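Have a look at the structure below before the remarks.
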Amino acid sequence: MNNLSAQSLSLHFTPLIPEAMLCTFGLLALVLVLAKIFTAGRFPIFRALCFAFFLFILAGPSVHTEKREAVPSVVAVVLDESASQDFGQRKVRSLDALEYLQNTIERNESLEMRLVKGPHDGALASSTNLFESLETALADVPEGRRAGVIIISDGQVHDIPDVEKLQESYGPVHLLLTGEKNETDRRIVVTNAPAFGIVGQDIDVRFRIEDSGALHETHVQVSLQMSDGTVRRDVARVGEEHTMSLPVHHAGQNVFELFVEPLPGELTERNNRAAIDFQGVRDRLRVLLVSGKPHAGGRTWRDLLTGDPSVDLVHFTILREPDKVDATPQNEMSLIAFPFRELFELKLYDFDLIIFDRYRLNRILPDHYFRNIARYVEKGGAFLEASGPAYASEDSIYYTALRDILPGVPNGQVYEQAYTPKITTLGQGHPVTRSLLWSGGGSMRKDKKTPWGPWLRQIGLQNVKGHVLMHGIDERPLLILNHVGKGRAAQIASDHIWLWSRGYEGGGPHGELLRRVVHWLMKEPELDEQILDVRVDGHTLILRRAAFERSKDVVKMRAPDGREEELALTPTQNGLLEHFHRAKQNGIYRFETADGGLRFAVVGEVDPPEFRNVLSSAELLQPLLEHSRGKALWLKDTPRPRLRMMRHGPYGGQDWIGLQDTQAFNVIGAEEKPAITLWLSLTLILALMLGTWFYEGRRR
4 MNNLSAQSLS LHFTPLIPEA MLCTFGLLAL VLVLAKIFTA GRFPIFRALC
54 FAFFLFILAG PSVHTEKREA VPSVVAVVLD ESASQDFGQR KVRSLDALEY
104 LQNTIERNES LEMRLVKGPH DGALASSTNL FESLETALAD VPEGRRAGVI
154 IISDGQVHDI PDVEKLQESY GPVHLLLTGE KNETDRRIVV TNAPAFGIVG
204 QDIDVRFRIE DSGALHETHV QVSLQMSDGT VRRDVARVGE EHTMSLPVHH
254 AGQNVFELFV EPLPGELTER NNRAAIDFQG VRDRLRVLLV SGKPHAGGRT
304 WRDLLTGDPS VDLVHFTILR EPDKVDATPQ NEMSLIAFPF RELFELKLYD
354 FDLIIFDRYR LNRILPDHYF RNIARYVEKG GAFLEASGPA YASEDSIYYT
404 ALRDILPGVP NGQVYEQAYT PKITTLGQGH PVTRSLLWSG GGSMRKDKKT
454 PWGPWLRQIG LQNVKGHVLM HGIDERPLLI LNHVGKGRAA QIASDHIWLW
504 SRGYEGGGPH GELLRRVVHW LMKEPELDEQ ILDVRVDGHT LILRRAAFER
554 SKDVVKMRAP DGREEELALT PTQNGLLEHF HRAKQNGIYR FETADGGLRF
604 AVVGEVDPPE FRNVLSSAEL LQPLLEHSRG KALWLKDTPR PRLRMMRHGP
654 YGGQDWIGLQ DTQAFNVIGA EEKPAITLWL SLTLILALML GTWFYEGRRR
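When we follow this note's numbering, the leftmost residue of the sequence shown carries the number 4, and every step to the right adds one.
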């Protein structure tokens with residue numbers, strides 16, 4: 004570029020008197036000249052020159068001299084780095100075009116290039132916002148120095164300004180398209196998905212399959228993958244809304260993945276997947292509590308279950324057997340007949356949880372009803388047994404069909420002595436008993452050795468099935484959890500948890516322990532020892548799993564683009580295995596544990612604008628291109644468009660794009676001098692006055 008200095012001369016005026024007075028003098032002079040013309044019949048040239056020069060002097064004329072230095076015009080090259088630029092050869096074409104433009108602009112001394120990369124989050128951005136970055140890059144560039152903007156993109160830009168509201172001009176705007184003209188793509192669009200669902204019921208999800216580009220098929224196969232690995236398939240018509248029912252398996256987060264078979268030759272399969280994420284809630288928790296003879300601990304169960312407004316409790320206590328000889332007159336008894344057929348046959352599956360508290364065998368409940376309960380658990384139900392002394396006797400319910408689901412076998416012993424329940428090594432890693440704290444009043448015993456108060460009775464168990472989370476006397480099993488078929492069973496080998504609720508010698512976490520046991524039986528995800536908990540914090544994926552029967556774990560992750568990676572979970576001090584993973588892409592992440600469990604997580608928006616339309620097109624930018632008289636070219640056809648410097652548009656042709664020659668400059672020096680000196684002014688005025696007197700005197 005030629006950086007030689009140049010000078011510019013201009014005439015400025017700084018009136019010596021107020022402008023109003025100067026205008027008044029001018030009008031007065033004009034009146035005098037016109038009066039002379041009217042009376043004398045001729046134009047008084049010397050008088051007019053005298054008045055004009057006098058007014059010129061009063062206007063304060065000065066000569067302004069600027070020393071200018073030419074500066075380069077600024078051209079902004081905007082490089083689209085969004086996720087859609089990774090498809091096909093787009094990134095390769097983008098980098099080749101950028102290198103060519105950099106080299107070409109560097110050789111032109113009249114141009115300065117500003118490289119703008121957007122969006123800010125790159126591949127993690129949910130939409131392609133380029134003009135936000137462009138505005139920042141050009142904030143210090145005056146409009147008069149802007150030679151134009153060259154955008155290297157697929158054309159899918161989501162923050163294009165309204166041409167009617169543009170405050171400043173960018174100069175000519177050009178688009179170099181990185182894709183190809185005949186692209187195709189298929190995507191699945193979820194049109195309606197509830198945010199909540201009732202556990203045990205189904206929710207309806209509506210979606211639509213859209214094909215862009217060349218249309219090939221009218222019907223396609225859609226797969227639904229659940230967290231347990233089950234895959235359900237259906238057929239949907241392209242372009243029409245389709246409804247699919249999803250089961251609500253459990254409370255808390257439920258995530259499913261919808262996948263539509265790919266279109267041959269399509270750009271990407273990333274938008275062929277859609278995550279369905281909703282919260283499962285329980286309408287009402289129906290609990291059947293069957294108690295044996297009344298005892299001090301019965302109130303603990305009632306307080307726990309009736310204290311929760313979402314629990315519907317059905318409580319029966321067997322006080323009198325049908326054939327028991329009792330001298331009390333019948334009309335004075337307020338007992339009701341036990342509705343065993345209604346509870347254990349007709350409405351058994353209406354209950355979410357069945358609790359037997361110190362129940363002993365009698366002649367009321369036939370054995371086939373126990374078989375019904377066992378089948379209920381194996382098919383997905385929940386059963387909790389709180390053992391009393393009867394469990395160690397010949398009247399134990401173990402000697403029924405319940406033996407198939409009960410975790411512990413009675414050894415016939417009842418241990419009557421003080422002991423403090425303790426969490427086993429296994430229990431320290433189980434969500435039910437991990438970090439089980441007691442912050443109640445008097446939380447320490449008098450001897451200050453143990454944090455919890457003692458229990459005074461334990462039922463002896465042997466041949467335990469399941470996981471022992473707490474033990475008591477001589478490390479005998481106290482709390483056992485077991486998976487039975489599709490259901491779950493738990494057993495507490497004591498009826499003295501009520502001592503904690505009464506604060507005996509400090510008490511203990513009775514409420515929290517029983518709440519966790521019940522929620523584990525209800526298959527709450529946060530208490531499942533096998534569940535992989537995946538949470539999203541911004542662009543960080545947090546994987547947590549209970550350190551239960553494992554010291555480390557490896558999880559297989561599938562990224563949105565289909566790439567797979569193994570993540571190692573490492574132990575923490577709080578009994579968890581944990582891993583933090585920085586996401587490099589937006590979309591659906593799939594995690595599979597070694598035992599086949601599946602979890603899904605969504606980073607970014609569920610349906611981001613970035614993947615709603617991935618076909619290369621100038622359609623969105625066309626209004627701005629036309630407004631600025633710019634041009635759109637396909638890099639595949641014109642990989643190296645020629646650059647031209649122009650004063651006026653149109654700024655583009657078949658294989659070239661034009662930039663505005665702004666001829667911008669910086670003022671490096673300025674000087675201002677009076678246009679005429681005072682003495683010369685007085686001399687000229689005097690000369691004009693004498694000339695006027697002499698000329699007009701001779702005329703008379």
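The beta-carbon is built from N, C-alpha and C at its ideal position, and this holds for glycine as well. Bear in mind the structure is a predicted one, so any value in this text is a computation, not a measurement.
- Taking C-alpha positions only, Ala277 is separated from Trp523 by approximately 30 Å.
- For the pair Val119 and Gln256, the Cα-to-Cα distance works out to about 41 Å.
- A direct Cα-to-Cα measurement between Arg643 and Thr181 gives close to 12 Å.
- Closest by C-alpha distance to Glu69, out of Leu137, His15, Asp237, is His15.
- Here Gly174 is buried. Its C-beta has 16 or more other C-beta atoms within 10 Å.
- Pairing Ile483 with Pro413 gives a Cβ-Cβ distance that is not under 8 Å.
- Between the stretch 578-585 and the stretch 102-121, the count of Cβ pairs shorter than 8 Å is below three; the stretches do not touch.
- Between the stretch 238-245 and the stretch 194-213, the count of Cβ pairs shorter than 8 Å is three or higher; the stretches touch.
- Under the three-state reduction of DSSP output, Ser631 falls in the helix class.
- Taking 3 residues as the minimum length, the beta strand (DSSP E) runs contained wholly in the stretch 4-53 are 8-16, in order along the chain.
- Of all alpha-carbon atoms in Leu178, Pro18, Glu167, the one lying nearest the alpha-carbon of Lys634 is that of Leu178.
- DSSP, read as helix, strand or coil, puts Leu580 in strand.
- Going by DSSP, Gln105 is part of the alpha helix (DSSP H) stretching over 93-109.
- Ala571 is bridged by DSSP to Val557.
- Contact between Ser248 and Asp207 holds, since their C-beta atoms are separated by about 6 Å, short of 8 Å.
- Within the same chain, Cβ atoms closer than 6 Å to the Cβ of Leu291 are found at Val317, Phe354, Ile357, the five residues on either side in sequence being excluded.
- Considering only Gly511, Pro297, Tyr422, Ser136, the residue with the shortest C-alpha distance to Gly391 is Pro297.
- Asn466 sits in coil when the DSSP states are folded into three classes, being neither helix nor strand.
- Approximately 11 Å separates the beta-carbon atoms of Ala150 and Gln666; this is outside 8 Å, ruling out the contact.
- In terms of Cα proximity to Glu22, the closest of Val34, Leu33, Ser13, Leu58 is Leu58.
- Rounded to the nearest whole angstrom, the CA to CA distance from Ala586 to Asn375 is 49 Å.
- Taking every protein chain shown into account, the CB of Gln282 has fewer than 16 other CB atoms within 10 angstroms, so this residue is exposed.
- Contact between the stretch 194-204 and the stretch 218-230 is absent, with fewer than three C-beta pairs closer than 8 Å.
- By alpha-carbon distance to Tyr698, the top candidate from Phe41, Cys26, Ile48 is Ile48.
- The shortest CA-to-CA distance from His474 to any of Arg491, His486, Ser497, Gly490 is the one to Ser497.
- Counting along the chain, the unbroken beta strand (DSSP E) around Thr320 starts and ends at 314-320.
- In the three-state DSSP reduction, Val284 falls in the strand class (E or B).
- Rounded to the nearest angstrom, the Cβ distance from Tyr418 to Arg460 is 7 Å, consistent with a contact under 8 Å.
- Contact check for Leu544 and Val537: beta-carbon distance about 6 Å, within the 8 Å limit, so the pair qualifies.
- With a cutoff of 8 Å on beta-carbon distance, Thr131 and Gln159 are scored as near each other.
- Of the residues Val36, Phe54, Ala43, the one whose Cα lies closest to the Cα of Leu25 is Phe54.
- Excluding sequence positions up to five before and after Ser619, its CB lies within less than 7 Å of the CB of Asp157, Gly158, Leu180, Thr181, Gly182, Glu183, Glu186, all in the same chain and listed in chain order.
- Exclusion of the five residues before and after Gly655 leaves His177, Gly633, Lys634, Gly661 as the residues of its chain whose Cβ lies within less than 7 Å of its Cβ.
- With respect to Asp556, Arg566 sits apart: the two C-beta atoms are not nearer than 8 Å.
- According to the DSSP secondary-structure assignment, Leu307 is paired through a beta bridge with no residue.
- Boundaries of the alpha helix (DSSP H) around Tyr379: 370-381.
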